[in-house]
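FYI, the numbering for the sequence shown is 0 to 579, going by numbering that gives the first Met the number 0. Ideal placement from N, C-alpha and C gives every residue a C-beta, glycine not left out. Right, one structure below, let's go through it.
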Amino acid sequence: MVNINGMVTNRRAALFAMAAAVTSLGANLQPSAGDVDDEQIATKIQDERTKTRSALNEVSAEVTPAVYRATEGDQTVALQAFLDDLPVGRDVEIRGIVDFTTVTINRANIRLRLAPGAVLNKIDAGSDGITINAANVTIEGGKIKGPAAWNGRNTSWTYAMVHVKETTANNATIRGVTLENIHKVGIGVRADAVNITDCRIVGNYPAAQWTGVETAHLGIALDPTAQGMGGAGIVSNNHISGCVQGLSVANYGSGRGTGYTITGNSFYGCYNHGIYSQSGVGNVISGNAFSKCQVPVVITGAAHVISGNTLYTTGTGGSFDMTGLSIRDAVGCVVEGNTIFGDSTATNSGIGLDALSGTVVSRNIIKGNVLVLKGSGRPAIRVGVGARECTDNVIEGNLCVGGGQASAGVILLTTASSTYLGSDNMVVGNRVSAVHKNHGIYVANQINAKISGNLVSNGYNASSLTTLVQIYLDRVSSSAVTDNELVNPASAGIKVALRGVQEDIKSTNNVISNIVKHDKTRLASSTATVKANTSSTSVCEEIVGNYATAHTLGRLIGKLEVRSPSGAVRGWVPVYRSIT
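As structure tokens, then:
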């Protein structure tokens, strides 16, 4: 039974009650002494049955879809007339291959279904295909196909193959539709609370036309107006390929783009980005897969959740087969449980939280992500670049293999410059494998930071003498660098002078207490802690072991440096510990 705003359900309930009444009437109108004769009873029952049958036929006509059958030639005028004649709430089925240019659905509560094998064949480019201009409209099934023409110019979009317009078209549903040959926009949404699910969007944008400049070719565009609530739609279980941008959020409309749920989608071969959002608040990007995109996810704003996504490359090494996730001007965002694998670009981090148009990167959590990156040039995780305010960020429990930036690290925590100090940020419990010519964890321009419980391993062999640092402190003060395990395996360290922790000349008043386990078989040299600032009041306490030799319980393997408040060395306390 189809429920059209409850009309059919309510009417059928009434009709079933009527039929029951007729049955009861037949049972109760049995002849007895003083009753009317049999002929009158039969007439009465027949009249009631006729009324019931008529009402049931009326409901059946409403439930059975109105069918549009394809004819020859351009059918735009005929199809538009057919749609305009529909009453509110009517089901529609289109059969066959229908050539058309632009049609509009002006009736609310319409469900337009394309029968198996049906195609709406758009025969021109540069205009809307189907425009939805009423609320609660559903389009499902079949295929909508455009001509082999494309427009990726960087201009605001004004038309789409399916265009859900303004707030008059709220609560639309696009389900199970295949869109092929996207001229500029596949599904364009200006309204709120729109559901796009189980669609296949095949842009077929020619690779030769992508030069890195034509970025306004969009599989799905979510651009709410300022008058609406700003989005609150669902995009789920779609496959989007062959577009410059797979999904664009709030890049051209006047609304902010809030409350979207983008989950379970597959983005493949999107030349620039899988998802690109210039503004927004409170969007969820979860459980999506990205492959062969230049930078799979770029999103701006606050209170976003980006979780459980898989970003990977196919190994071509091409400029649009890279991996990475960028959150710009991030405040109160959660980035958790993502897998980021493959080739990384020299200009983009595996996970980057930078200030771009704003100045704040604060109160974010980056947790439990797996990053296995080929190449270097940018850190695996980078937080705070460009930020004048960088506070209360947590980088916790991530696995980072590869990546890294020369003179920086695999994980970088910083600010816009030394003029702006970040505070109360944490880098804890991460496993970092530095396999390129870069440091492990690089912390800059911070006070009251906590760098704790990380395992940092050097896996680099150099061709000439190179100094690398596993935790580098650049203008860091009043911070705790404790309980980190700093390791060099036996297979690494050729021509490498490895330092466990190093303070630059501006760092002071830190607590440094870590386990340094450097196998010196290949290392050129090994140092537990280097303090470039000789007047620093930092307190250092390391357990140091040379793993080229065995250690036994009770053997002296470490030392505790005791300093006065002025920084003068007062002496050393021996540390006995087994680390075998």
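Residue pairing by DSSP places residue 501 opposite 471 and 529 in a beta bridge. The residue among 322, 306, 232 and 317 with its C-alpha nearest the C-alpha of residue 279 is 232. Counting only runs of 3 or more residues that sit fully inside the segment 275 to 321, the beta strand (DSSP E) segments are 283 to 285, 288 to 290, 296 to 301, 304 to 306 and 309 to 311, in chain order. Taken in chain order, the complete beta strand (DSSP E) segments of 3 residues or longer contained in the segment 184 to 265 are 184 to 188, 194 to 196, 199 to 201, 217 to 221, 233 to 235, 238 to 240, 244 to 248 and 260 to 262.
Minimum Cα-Cα distance from residue 108 among the listed residues 82, 98, 116 and 124 corresponds to 82. Your pair residue 453 and residue 483 checks out as a contact, with CB atoms roughly 5 angstroms apart and the cut at 8 angstroms.
Leaving aside the five residues that flank residue 101 on each side, the residues in its chain whose CB is nearer than 6 angstroms to its CB run, in chain order, 126 and 127. The alpha-carbon of residue 141 is positioned some 13 angstroms away from that of residue 91.
Listed in chain order, the non-local C-beta contacts of residue 512 below 6 angstroms within the same chain comprise 481 and 540, local neighbours out to five positions each way being set aside. Around the beta-carbon of residue 159, 16 or more other beta-carbon atoms lie within 10 Å, marking it buried. In the three-state reduction of the DSSP assignment, residue 445 falls in the strand class. Ranked by Cα distance from residue 498, the options 469, 49, 342 and 504 are led by 469. Taking the CA atoms as reference points, residue 527 sits about 13 angstroms from residue 538. When DSSP states are grouped into helix, strand and coil, residue 339 belongs to the strand group. With a threshold of 16 other beta carbon atoms within 10 Å, residue 152 falls short and is exposed.
A contact between stretches requires three or more CB pairs, one per stretch, nearer than 8 angstroms, and the segment 253 to 260 fails this requirement with the segment 210 to 220. Within the same chain, and ignoring the five residues on either side of residue 235 in sequence, the residues whose Cβ sits closer than 6 angstroms to its Cβ are 196, 262 and 263.
Residue nearest to residue 533 within the set 522, 517 and 506 is 506 (criterion: CA-CA distance).
In terms of CA proximity to residue 466, 492 leads the group 208, 472 and 492.
With 16 or more other CB atoms across the displayed protein chains lying within 10 angstroms of its CB, residue 432 is buried. Within the model, the alpha-carbon separation for residue 123 versus residue 68 is close to 21 angstroms.
Looking at the DSSP output, residue 395 shares a beta bridge with 366 and 427.
Distance between residue 296 and residue 275, taken at the CA atoms: about 6 angstroms. Residue 185 places its beta carbon 9 angstroms or farther from that of residue 222.
Listed as beta-bridge partners of residue 99 by DSSP are 121. Residues of the same chain with a CB within less than 8 angstroms of the CB of residue 356, apart from the 5 flanking positions on each side, are 299, 327 and 328 in chain order. Residue 495 places its beta carbon 9 angstroms or farther from that of residue 471. According to DSSP, residue pairing for residue 487 in a beta bridge involves 517.
As far as DSSP is concerned, residue 402 takes part in no beta bridge.
C-alpha of residue 156 to C-alpha of residue 395: approximately 40 angstroms in a straight line. With distances taken between CA atoms, residue 198 lies nearest to 138 out of 391, 138 and 485. The beta-bridge partner set that DSSP reports for residue 113 consists of 93. Following the DSSP letters along the chain, one finds residue 163 inside the beta strand (DSSP E) bounded by residues 161 to 163. Comparing alpha-carbon positions, the option among 519, 536, 462 and 366 lying closest to residue 476 turns out to be 536. Note that the C-beta distance between residue 177 and residue 161 is not below 9 angstroms.
Residue 84 counts as exposed, since fewer than 16 other beta carbons sit within 10 angstroms of its beta carbon.
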